[in-house]
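Numbering (this note's numbering), first residue to last: 24 to 953. Contents: one structure, followed by commentary.
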Amino acid sequence: MSDSTAIINKNTSNNLLRRDVRFLGHILGEVLVHQGGNTLFTIVEKIREMSKALRAQYTPEMYKELKETVSGLAPEIRHQVIRAFAIYFQLINIAEQNHRIRRKRDYERTAGENVQPGSIEDVVRELKSLNISAPEVQEMISGISLELVMTAHPTEATRRAVLDIHQRIAKDVEELDNPNLTFREREQLREQLLGEVITLWQTDELRDRKPTVIDEVNNGLYYFDETLFDVLPQVYQELERCLLKYYPEESWHVPTFLKFGSWIGGDRDGNPSVTSDITWQTLTMHRKLALEKYEEELRKLMAHMSFSKNIVEVTDELLDSIEQDRKTVDLSNDEGWRNEKEPYRIKVRFMIEKIRNSGNPNIADKKKYTNPDQFMADLQVIERSLRNHYADFIADAYVQKLIRQVELFGFHLATLDVRQHSKEHESAMTEILAGMSICPNYAALSEQEKIELLTALLNEPRPITSPYIKYSESTQECLDVYRVIQKAQAEFGRACISSYLISMTQGSSDLLEVLVFAKEAGLYLHEADGSVTCTLQSVPLFETIDDLHAAPDIMSTLYQIPAYRKSLASRNNLQEIMLGYSDSNKDGGVITANWELRVALRSITAAAKKYDVKLKFFHGRGGALGRGGMPLNRSILAQPADTVGGGIKITEQGEVLSSRYSIKGIAYRSLEQATSALITSALWARNPQQDASEERYESIMRGISEKAQQKYQDLIFRDADFMSFFKESTPLPEIGELNIGSRPSKRKNSDRFEDLRAIPWVFAWTQCRYLLPAWYAAGTGLYSYYQEKPEHLATMQDMYNNWSFFRGLIDNLQMALAKADLLIAKEYGSMIKDQQVAKRIYELIEEEYRRTSDLILQITGQQEILDNVPVIQESIRLRNPYVDPLSYMQVDLLSELRATREDGGEDDPLLLREVLLTINGIAAGLRNTG
């Protein structure tokens, strides 16, 4: 494709996005007139035009007029204006998602001429161009692993009912590109979209209650049902297609390297609603959906299985299996397949019945599948028979897909992780050991004494609990969790739960406690030959900066304990370790958190290497920039290549789930990019190319990090007025009323900063447009090296151009600075009681914002922030004028609501509702919550 053609195509593509935005904007305008009359439409348009004009050229007069217009709205109109702007953002987000799918299809139409960057074909073609042999590629693919873990962290502000409407609108918008539509069909499509937007307008976007844990489990299962069950096999199919295209001499079956897990129903840290019973119920829901999906797929398969014995010769193996099913599986006369000449349909009908019976304890084992291997065996019987009479295309298209689904999802659908806070284990252990007169006060022991005692308990066969002792409710629940895990592994297979994560890990004893509890439930067993079978791994979660520093020593101590090493030997000498991006950022600021996480990755890896232990790192990234959020493929490539060998796990949470996985085309592109990045990372690991300058860069970065941390903590921890500034100038108290998660926003009923969770911390700063956790103190850190010295600036420019870590850090800062808006943020200062404090801290933040922005422009050589990503730069520019009115209204509403509450008056339900609507609208406009 020539450059001129590429430019024309790109312009055409962008014009189509603008077409969709205008089209949906006009439809929303019609809905506003239809639902609220010309008065509503006129007010919304007036505010929109004024906000756009103010962004184009700021004047005090125009600013005053806009503020007066917004403040002067009557409550009944204001409510509708808020909803109009919020729904506009929902529609724009859909148009942008659709445009991503369109761009991918544009590339695919030119297949052979142009391969889309970041695609699977792009990376496989690169392997071939580098003369990587087929056996080497096979070895690389066998060594990669990525598990994406859904969490129930409360950052999804959009209701499921609204997401369903979004999905229908997205399908209709995609259909607009169909060139075969007649004039009447296009008109019908427009009417259909009009109806959907009216439905959206008349659907309440706010939840009337907090979701239960089971609600959250159902929300997570939605993505498996709607997209992942189909999309994941497509990713594998595409990788095999590309490998066959570039390495035709090999036959390819890619091993399982990409799958999904979940915390929802297993994460009990700070959430008392997640009980052992809830965990069991979660696992049964997982199995139920898996079996339903297999039945659905078998019915689709049946439609393609009309092969007749009059025409083809099927295998004896297939006929024998049908006879065996006739003897064991009960089908009523009207349920069986009546045409005896169609053996595949007869077989599939028996398989459907066995799938239906699976999981039912009241049905004999011979009448059902007791495990996925039995189901797989029947599918393989069908596949071999199809290939025997040369129906290979059917075997490849339908049976192979189902076989892949069984490999990926089994009967457990997704591995569930369990997580609990380390202090809960210590408390339970203290009570249990005192009750059995083993240790009067375990919690009072030194770390070394705890390690010695726990190691002794692991080596002893005797139990540490008694059925005759009545334990406290919390201790009994702690024990019940392990017993449920043991029961679950027996019922659903060991893959259903295999990792037990320990929040706030601060010592080796935290991991040993979990193993002692596991031993008590039969999950850590001594074998006759002296080995250990351990089916549950203790996984430390290192969250704060201090914890990251301590991590290598904590793990080294464990690697030297024989009882612990035996548990690792049982799991192929693979240790999983989780790193927390949210709390480290909240603790030390964005620069220091990113640097310390990189240092920790390296030092923990070095410690494991010393003891011949392989590592799987679990990266606890949030969706927002202030919590480590970034595109999935970039988050994989951001890891040092030598730290990905044992596999990677990454959290996917909140609004990230709906933005990446609610639409099949977007889900596929995201997983395709992740696969490409994973293979690229494996390639880098095979051919490490350490730049000689990197050691010097790291030394510079160490100094930058120290100064940035000091600046960050001076404000957050050492400024006595900061917490008042934060609570009074952000909607932090009101976010808790949004009903977006079952988990409380604080770890304890406390106003201390340390007990505030990272999610509401980031969410609140995003709402008031500061986005402070994503950039604050970066400028001071960078300036501490720069010091106005041209040679130091040249070095940082080299770091940006040649060091992927620094480039990623700077580009993330650019994104945060572009989304932040301090003029709007200043409005929120009017809610602070002490205006001197408001002015002083605002000026501190403003000065740091300017310093950071100026330095980044010098380092990158750009004229404006985000010149390097013009698509996102333009998107933010277009969105800001529509977010601004929501921010102005939010400040007015918060002021009014808080004044009413301080006077002891009753809440006006409409006023609170309007506050929550602005929170939803701003989240949609900035495409970020927490």
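A virtual CB, placed ideally from N, CA and C, is assigned to each residue, including glycine.
Residue i, DSSP secondary structure in three states
| i | result |
| --- | --- |
| Arg-900 | helix |
| Ser-74 | helix |
| Val-441 | strand |
| His-642 | strand |
| Asp-238 | helix |
| Ile-671 | strand |
| Asp-23 | For the chain, the structure presents residues 24 to 953; residue 23 sits outside this window and is missing. |
| Gly-804 | helix |
| Glu-272 | coil |
| Arg-650 | Here Arg-650 scores only 47 on pLDDT, less than 50, and its place in the model should not be relied on; the value that follows carries that caveat. Correct three-state label for Arg-650: helix. |
| Glu-599 | strand |
| Val-892 | coil |
| Cys-462 | coil |
| His-412 | coil |
| His-49 | helix |
| Leu-620 | helix |
| Tyr-547 | strand |
| Asp-844 | coil |
| Met-85 | helix |
| Met-578 | helix |
| Pro-484 | coil |
| His-327 | coil |
| Arg-125 | helix |
Buried or exposed (CB count within 10 angstroms, at least 16 for buried), residue i
| i | result |
| --- | --- |
| Pro-783 | buried |
| Gly-60 | exposed |
| Ala-947 | buried |
| Asn-242 | buried |
| Ile-334 | exposed |
| Phe-416 | exposed |
| Glu-870 | exposed |
Nearest neighbour of residue i, chosen from the options [CA to CA]
| i | options | result |
| --- | --- | --- |
| Leu-559 | Leu-524, Tyr-582, Gly-643 and Asp-610 | Leu-524 |
| Arg-427 | Val-504, Glu-319, Ile-301 and Val-258 | Val-258 |
| Tyr-7 | Asn-380, Ile-155 and Pro-384 | The structure shown does not extend to residue 7, since the chain spans only 24 to 953, so no value can be given for it. |
| Arg-213 | Leu-47, Arg-863 and Arg-900 | Leu-47 |
| Arg-863 | Gly-944, Glu-814 and Ala-743 | Ala-743 |
| Gly-289 | Ser-469, Tyr-505 and Ala-451 | Tyr-505 |
| Ala-467 | Glu-449, Lys-633 and Leu-481 | Glu-449 |
| Met-838 | Ile-847, Val-860, Met-822 and Pro-796 | Pro-796 |
| Met-724 | Pro-813, Glu-814 and Ser-807 | Ser-807 |
| Gly-553 | Leu-571, Lys-589 and Arg-379 | Lys-589 |
| Asn-596 | Lys-637, Trp-618 and Met-578 | Lys-637 |
| Tyr-582 | Glu-363, Ser-526, Ile-882 and Ala-631 | Ala-631 |
| Asp-396 | Phe-373, His-412, Glu-430 and Gly-530 | Glu-430 |
| Lys-542 | Phe-515, Tyr-587 and Ala-574 | Tyr-587 |
| Leu-114 | Arg-902, Ala-801 and Met-912 | Arg-902 |
| Thr-302 | Tyr-317, Ala-157 and Glu-239 | Glu-239 |
Identity of the residues DSSP links to residue i by a beta bridge
| i | result |
| --- | --- |
| Pro-563 | Ile-525 |
| His-448 | DSSP lists no partner for His-448. |
| Met-173 | Ser-285 and Glu-675 |
| Val-404 | Per DSSP, none; premise fails for Val-404. |
| Cys-557 | Tyr-547 |
| Lys-637 | Leu-597 |
Chain-order list of residues whose beta-carbon lies under 8 Å from that of residue i (same chain, five-residue window excluded)
| i | result |
| --- | --- |
| Asn-38 | none |
| Arg-21 | Coverage of the chain is limited to positions 24 through 953, which leaves residue 21 absent and any answer about it impossible. |
| Leu-940 | His-102, Ile-105, Arg-106, Ala-109, Glu-228 and Leu-229 |
| Met-73 | Met-85, Glu-88, Leu-89 and Thr-92 |
| Leu-314 | Ile-378, Arg-379, Ser-381, Gly-382 and Phe-434 |
| Asp-776 | Per the sequence presented here, residue 776 reads as Phe, with Asp not at that position. The answer, listed in chain order, is Ile-739, Phe-740 and Met-746. |
Own chain, CB closer than 6 Å to residue i, minus 5 neighbours either side, in chain order
| i | result |
| --- | --- |
| Ala-544 | Tyr-505, Arg-506 and Gln-509 |
| Ile-124 | Gly-688 |
| Ala-511 | Leu-306, Cys-519 and Ile-520 |
Neighbourhood of residue i by C-beta, 7 Å cutoff - its chain only, sequence neighbours within 5 removed
| i | result |
| --- | --- |
| Leu-55 | Leu-63, Phe-64, Val-67 and Ala-107 |
| Leu-867 | Leu-738 |
Beta carbon proximity, residue i to chain B, threshold 8 Å
| i | result |
| --- | --- |
| Ser-331 | Structure shown: chain B not included; a single protein chain is present. |
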